[in-house]
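Worksheet: the structure to be examined is printed underneath.
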Amino acid sequence: MPSFNAKQSNGDYTGLFSSDYTPSGTRNLLEPAIQVTHADVNPSLELKYVSHQQDTLDYSHRIGLTTIHLKDPVYPFEVTLYYKTYYKENVIEQWTSIKRTGSDVVRLQKYSSANLYFSSTNKYYLTHFHGNWAREMSPEEIQLTAGIKVLDTKL
């Protein structure tokens with residue numbers, strides 16, 4: 014973690030811009046992927062790298078799975094990140110497992126399957142699909158600008 018006086022080239026003073034799963038309750042000023050309140054009413058959560066594992070699920074279709082284990086150094090709280098990669102299609106599927114290993118109650122206030130931050134020095138585009146009956150998969154590409162983007166449907 015950089016010092017408070019250090020500024021990385023992407024403007025990150027906290028060292029959290031490049032975090033794969035940003036927690037709430039510490040130095041983070043970004044939108045968190047997870048926010049909890051522990052039994053002692055402390056909202057702090059710091060997820061530290063523990064280990065990772067890489068597996069090939071299907072050699073012929075080049076499908077892989079990377080698992081990253083994170084753990085809070087103080088509270089009995091763990092998060093596992095899963096990245097399933099489809100190399101031929103250039104697609105990454107991501108999901109998260111959240112685990113409390115102690116007996117105390119933890120209140121989950123917010124939890125996401127992923128979060129992603131981009132440097133503002135480059136242009137990025139989001140391709141997503143929308144539609145209605147008989148036109149379910151209409152692609153749309155938009156340039157990502159500053160702010161939070163949410164893809165949601167009420168169908």
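Per my numbering, the sequence shown starts with residue 14, numbered consecutively. Note that CB positions come from ideal geometry on N, CA and C, so glycine has one too.
#### Entry: Three-state secondary structure assigned by DSSP to Q67
As a working note, residue 67 is residue 54 in the sequence shown. Q67 falls in the strand class under three-state DSSP.
### Task
May I have a chain-ordered list of the alpha helix (DSSP H) segments no shorter than 4 residues that lie completely inside the stretch 60 to 137?
none
### Message
Measuring CB atoms only, is the stretch 55 to 73 touching the stretch 87 to 99, in the sense that at least three cross pairs come out at less than 8 angstroms?
### Response
With a cut-off of 8 angstroms, the stretch 87 to 99 and the stretch 55 to 73 count as touching, because enough Cβ pairs lie within range.
### Message
Quick check: the Cα distance between L42 and L121, rounded to an integer number of angstroms?
### Response
Position 29 of the sequence shown, counting from 1, holds the residue named residue 42. Position 108 of the sequence shown, counting from 1, holds the residue named residue 121. Rounded to whole angstroms, L42 to L121 spans 19 angstroms at the Cα level.
### Message
Measuring only the C-alpha atoms, how far is F17 from L70?
### Response
Taking the sequence shown and counting its residues from 1, one reaches residue 17 at position 4. Taking the sequence shown and counting its residues from 1, one reaches residue 70 at position 57. With a pLDDT of only 44 at F17, under the threshold of 50, the placement of this residue in the model should not be trusted; the figure read from the coordinates follows. C-alpha separation (whole angstroms): 42 angstroms.
### Task
Pull up the distance between the alpha-carbon of P36 and that of S125, whole angstroms please.
Against the sequence shown, residue 36 aligns to sequence position 23. Against the sequence shown, residue 125 aligns to sequence position 112. Distance between the alpha carbons of P36 and S125 is about 10 angstroms.
### Message
Can you list, in chain order, the residues of its chain with a C-beta nearer than 8 angstroms to that of H65? Leave out the 5 residues immediately preceding and following it.
### Response
Residue numbering aside, residue 65 sits at position 52 when the sequence shown is read from its first letter. Same-chain partners within the cutoff: T79, T80, I81, H82.
### Task
Answer with buried or exposed for V49, where buried requires no fewer than 16 other C-beta atoms within 10 angstroms of its C-beta.
In the sequence shown, counting from the first residue as 1, residue 49 sits at position 36. That one is buried.
### Query
Taking DSSP as the reference, what is the three-state secondary structure of S151?
For this step, residue 151 is matched to residue 138 along the sequence shown. The answer is strand: DSSP assigns S151 an E or B state.
### Message
Going by C-alpha to C-alpha distance, which of A159, T140, S133 sits closest to S151?
### Response
Against the sequence shown, residue 151 aligns to sequence position 138. Closest by alpha carbon: T140.
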